[in-house]
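Chemist: Sharing a structure with you now.
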Amino acid sequence: MKRFSVEQIRSDFPILKTKMNGKPLIYLDNAATSQKPRQVIETLDNYYENYNANIHRGLYKIAERATEGYSGSKEKVAKFIGADSMREIIYVRNTTEAINTVAISWGDANVKKGDHILITEMEHHSNIVPWMRLAKKKGAVLDYIALDKNKCGLDAQSIGGMLDKRPKVVALTQVSNVLGSINDVKEVTRMAHKTGAVVLVDAAQSVPHMAVDVKQIGCDFLAFSAHKMLGPTGIGVLYGKEDALEDMEPLLSGGDMIKTVHYDSYTWNDLPWKFEAGTSNIADGIAFGTAIDYLNTVGMHNIRAHEKKITKYALDELDGLDGVTTYGYGAKDIEKRGGVIAFAIDGVHPHDVAQIFDSEGIAIRAGHHCAMPLVTERLKQVALSRLSFYLYNRESEVDSAIAAIRKVKKIFKV
Amino acid sequence: MPLDLYAEEIISHYEHPHNKGSMDKPSISVHEYNPTCGDDITIYLDIEQGRIKDVKFSGSGCAISMASASMLTDFIKGKRLEEIEKMGLPAVIELLGIDPGPARLKCATLSLKTVKEAAFMYQHKAVDRNTKEL
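Protein sequence lines correspond, in order, to chains H and Y. Residues 103 to 516 in my numbering are what the first sequence spells out, letter by letter. Residues -17 to 116 in my numbering are what the second sequence spells out, letter by letter.
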């Protein structure tokens, strides 16, 4: 696609032609999951209708085709994030499973009593709970990099201070799913490596929305989900540096992940298959490859530019409303934030906000966004409403959201 | 969604809740939490001879949970505990004047669930392990 055209993109997404509560669907919950273009849906159909077969062992044509499709999808992912090869691309169910794999497998072998584990105050539960469990199991200490005083980014002094404790592992998000803030994961990785830590980046909110290069970041592990980037649910990626993955025990064992099995011994399969026990999620894996093709055709730089524009527009509109508070960096710092805007309307619970949006055909999220410590203990809110954008959103949809907020204010007389 | 969920009466109960507050020496008090919304409620019952003499609630939450708590606490004053035990979702729908729908069911029924728990605990001196979602 030479020119970025929202209308052309929208024509590829069947769901965007549907209605919700009798109104045209306006989908602004992309941080939760994205919609799927017909190309991805057709890939799923095509696999099941024409070459459904188990991969790797089949000695017949359609099994070969399925194997090629599944491996080919990993090749695409490897290239998409700048990995050395598909040997570094492990398919799991989602970001949560990717982080758990590292926290359990790597953590069990490498974290001991009294060791420090470092995360940040803006993590999603999926990048908190696995580490808290590991710390409890091992008697390790879980530390948090603090938010800066404006509650937008990470506090630079806190990063340095916490790294002085020489943590074994640093796990942080590249883009906050609540604040939208983009963390300088490259710089944190550089600093963390100096102190000998292994670094995991939660890229669930970054890889779908901007060009991400694992080599450029330098991290040891990176996790993200296909369903937030036009792909199907049930496929997620754990990227790991080859050496790190070679040293790591697989989480699950059984079929397909072994090379040999004897009555008294076994040997692991080569990467990446060592980490994928049992029959993989073949159809969704193949369709994920189609999602990557789609994103490449549009261009990640175009997507990022579009999201910056629409996010800035939305921030300007929201900040112009009385009694509405937005969180994270403001419109002037648009370079530092992704297309996620959490907001609160004085005197109205976010669930009531989301329900009134629903009546207008607008899908938004309300709650603690699986970042309960951040929302309740740092932002001091019981819950927040959240708009999140993607490549198919129009500025006119922001206008509809603003109109819905006015309606909320009218109903609640605020 | 049924937009009447935000009918004038519901909004009015949300803005000016009845029976909001706490009680110094309740016969029993029970706290409940709805993790989907973050609705938080404590029910205080003053019970005399198997009858609810007075009731208060404290907490915070969405309009649906707070309005239903306000309406429910009005309704149960003077009722016998056996009557409370028989109450379920239909009673809540009747009070609100509208079916809250599946997405808001937990918000709408949180106060009744808490009242029923309190009534059970008072009568049986034990937690009701069989309490089902309403």
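Note that the Cβ used here is the ideal one computed from N, Cα and C, for glycine as well.
Tell me the residue span of the beta strand (DSSP E) that contains Val303 of chain H.
Modeler: 300 to 304 is the extent of the beta strand (DSSP E) around Val303 of chain H.
Chemist: Spell out whether any CB of chain H is found under 8 Å from the CB atom of Thr18 of chain Y.
Modeler: Yes, Thr18 of chain Y lies at the interface with chain H (some Cβ there is under 8 Å from its Cβ).
Chemist: When you compare each of Y:His(-2), Y:Ile23, Y:Asp(-14), Y:Glu(-9) to Gly449 of chain H by their alpha carbons, which one comes out closest?
Modeler: The option with the nearest alpha carbon to Gly449 of chain H is Y:His(-2).
Chemist: From the beta carbon of Ile25 of chain Y, is the nearest beta carbon of chain H less than 8 Å away?
Modeler: For Ile25 of chain Y, the answer is no, since every Cβ of chain H falls outside 8 Å of its Cβ.
Chemist: Is the Cβ of Val300 of chain H closer than 8 Å to any Cβ of chain Y?
Modeler: For Val300 of chain H, the answer is no, since every Cβ of chain Y falls outside 8 Å of its Cβ.
Chemist: With DSSP run on the structure shown, which of helix, strand or coil describes Glu14 of chain Y?
Modeler: Looking at Glu14 of chain Y - three-state DSSP - the assignment turns out to be strand.
Chemist: Determine the extent of the beta strand (DSSP E) in which Lys38 of chain Y is found, giving its start and end residues.
Modeler: Per DSSP, Lys38 of chain Y belongs to the beta strand (DSSP E) from 33 to 42.
Chemist: Would you kindly work out how many angstroms separate the C-alpha atoms of Glu479 of chain H and Leu256 of chain H, rounded to a whole number?
Modeler: C-alpha separation (whole angstroms): 16 Å.
Chemist: How long is the line joining the alpha carbons of Tyr492 of chain H and Asp322 of chain H, rounded to whole angstroms?
Modeler: If I take the Cα positions, the gap works out to 28 Å.
Chemist: Taking only beta-carbon atoms, is Ala101 of chain Y less than 8 Å away from chain H?
Modeler: No, because no Cβ of chain H sits closer than 8 Å to the Cβ of Ala101 of chain Y.
Chemist: Relative to chain Y, which residues along the region 479 to 495 of chain H have a C-beta separation below 8 Å, given in chain order?
Modeler: Answer set for the region 479 to 495 of chain H: Val484, Ala485.
Chemist: Give the DSSP-derived three-state secondary structure of Met(-17) of chain Y in the structure shown.
Modeler: At Met(-17) of chain Y the pLDDT is 47, less than 50, meaning the model places this residue with poor confidence; the figure from the coordinates comes in the next sentence. Correct three-state label for Met(-17) of chain Y: coil.
Chemist: Return the Cβ separation of Gly425 of chain H and Ile443 of chain H in integer angstroms, given the expectation that the two are a contact with Cβ distance under 8 Å.
Modeler: No, Gly425 of chain H and Ile443 of chain H are not in contact; Cβ-Cβ is about 16 Å, not under 8 Å.
Chemist: Give every residue of the same chain whose Cβ lies closer than 8 Å to the Cβ of Asp386 of chain H, excluding the five residues on either side of it in the sequence, and list them in chain order.
Modeler: Contacts found: Leu146, Ala328, Gly333, Pro334, Thr335, Gly336, Ile337.
Chemist: Which residue wins for smallest C-alpha separation from Asn398 of chain H, given the options H:Glu497, H:Ala294, H:Ile284, H:Val309?
Modeler: Measuring from the Cα of Asn398 of chain H, the nearest candidate turns out to be H:Val309.
Chemist: At which residue ranges does the region 235 to 314 of chain H contain complete beta strand (DSSP E) runs of 3 or more residues, listed in the order of the chain?
Modeler: Taking only runs of at least 3 residues, the beta strand (DSSP E) segments lying wholly in the region 235 to 314 of chain H are 243 to 247, 271 to 275, 300 to 304.
Chemist: Indicate whether at least one CB of chain Y lies closer than 8 Å to the CB of Glu151 of chain H.
Modeler: Not an interface residue.
Chemist: Report the residue from Y:Arg33, Y:Leu77, Y:Asp28, Y:Ser11 whose alpha carbon sits nearest the alpha carbon of Ala51 of chain Y.
Modeler: If we check each option's Cα against that of Ala51 of chain Y, Y:Leu77 comes out closest.
Chemist: Can you list the residues of chain Y that His453 of chain H reaches, using a CB-CB cut of under 9 Å?
Modeler: Correct list: Thr18, Cys19, Gly20, Asp21, Gly43, Cys44, Ala45, Ile46, Ser47, Ala85, Arg86, Cys89.
Chemist: So Arg439 of chain H is in the alpha helix (DSSP H); what residue range does that whole segment cover?
Modeler: Taken as a continuous stretch (DSSP letters only), Arg439 of chain H belongs to no alpha helix (DSSP H), as it is neither H nor E.
Chemist: At what residue ranges does the region 139 to 209 of chain H contain a whole run of the alpha helix (DSSP H), taking only runs of 4 or more?
Modeler: Counting whole runs of 4 or more residues, the region 139 to 209 of chain H contains the alpha helix (DSSP H) stretches 140 to 148, 163 to 182, 197 to 203.
Chemist: Count the CB pairs spanning the region -4 to 16 of chain Y and the region 157 to 174 of chain H that are closer than 8 Å, and state whether there are at least three.
Modeler: Verdict: no, contact absent.
Chemist: If you draw a straight line from the alpha carbon of Asn252 of chain H to that of Asp349 of chain H, how long is it in whole angstroms?
Modeler: Their backbone Cα atoms lie some 41 Å apart in a straight line.
Chemist: Measuring only from the beta carbon, is Asp454 of chain H closer than 7 Å to any heavy atom that is part of the ligand ZN?
Modeler: Within the structure as shown, the ligand ZN is missing, as the structure has no ligands at all.
Chemist: Mapping DSSP to helix, strand and coil, what is His329 of chain H?
Modeler: In this structure, His329 of chain H counts as helix in the three-state DSSP scheme.
Chemist: Using a Cβ-Cβ cut-off of 8 Å (strictly less than) and excluding sequence neighbours within five positions of Glu67 of chain Y, which residues of its own chain qualify?
Modeler: Once the five neighbours on either side are set aside, the close Cβ partners of Glu67 of chain Y are Lys98, Ala101, Phe102.
Chemist: Out of Y:Ala(-11), Y:Glu(-9), Y:Phe39, point me to the one whose CA is closest to Pro8 of chain Y's CA.
Modeler: Checking every option, the nearest Cα to that of Pro8 of chain Y belongs to Y:Phe39.
Chemist: Taking Cβ to Cβ, would you say Thr197 of chain H is nearer than 8 Å to Phe326 of chain H?
Modeler: Yes, they are a contact pair.
Chemist: I want to verify the contact list: residues of chain H whose CB lies under 8 Å from the CB of Ile(-7) of chain Y, in sequence order.
Modeler: Residues of chain H passing the Cβ test: Ile513, Phe514, Lys515.
Chemist: Taking buried to mean at least 16 other C-beta atoms within 10 Å of its own C-beta, is Glu(-10) of chain Y buried or exposed?
Modeler: Looking at its Cβ environment, which holds fewer than 16 other Cβ atoms inside 10 Å, Glu(-10) of chain Y is exposed.
Chemist: Leu(-13) of chain Y touches chain H at which residues, Cβ-Cβ below 8 Å?
Modeler: The contacting residues are Gln457.
Chemist: Out of H:Gly342, H:Trp375, H:Gly440, H:Ile507, which has the shortest C-alpha to C-alpha gap to Leu354 of chain H?
Modeler: Nearest of H:Gly342, H:Trp375, H:Gly440, H:Ile507 to Leu354 of chain H, Cα basis: H:Trp375.
Chemist: With a CB to CB cut of under 7 Å and the five nearest residues on each side skipped, what residues in its chain are close to Glu199 of chain H?
Modeler: Closer than 7 Å at the Cβ level, and outside the excluded window around Glu199 of chain H, lie Gly338.
Chemist: If you count every other CB in all the chains shown that lies within 10 Å of the CB of His(-5) of chain Y, and 16 or more means buried, which is it?
Modeler: Buried, by the Cβ-count rule.
Chemist: For the region 178 to 197 of chain H against the region 209 to 217 of chain H, are there 3 or more C-beta pairs whose distance is under 8 Å?
Modeler: Counting Cβ pairs under 8 Å, fewer than three are found: no touch.
Chemist: Excluding the five sequence neighbours on either side, which residues of its own chain have a C-beta within less than 7 Å of the C-beta of Lys330 of chain H, listed in chain order?
Modeler: Within the same chain, Lys330 of chain H has close Cβ partners Thr135, Ser136, Ala306, Pro310.
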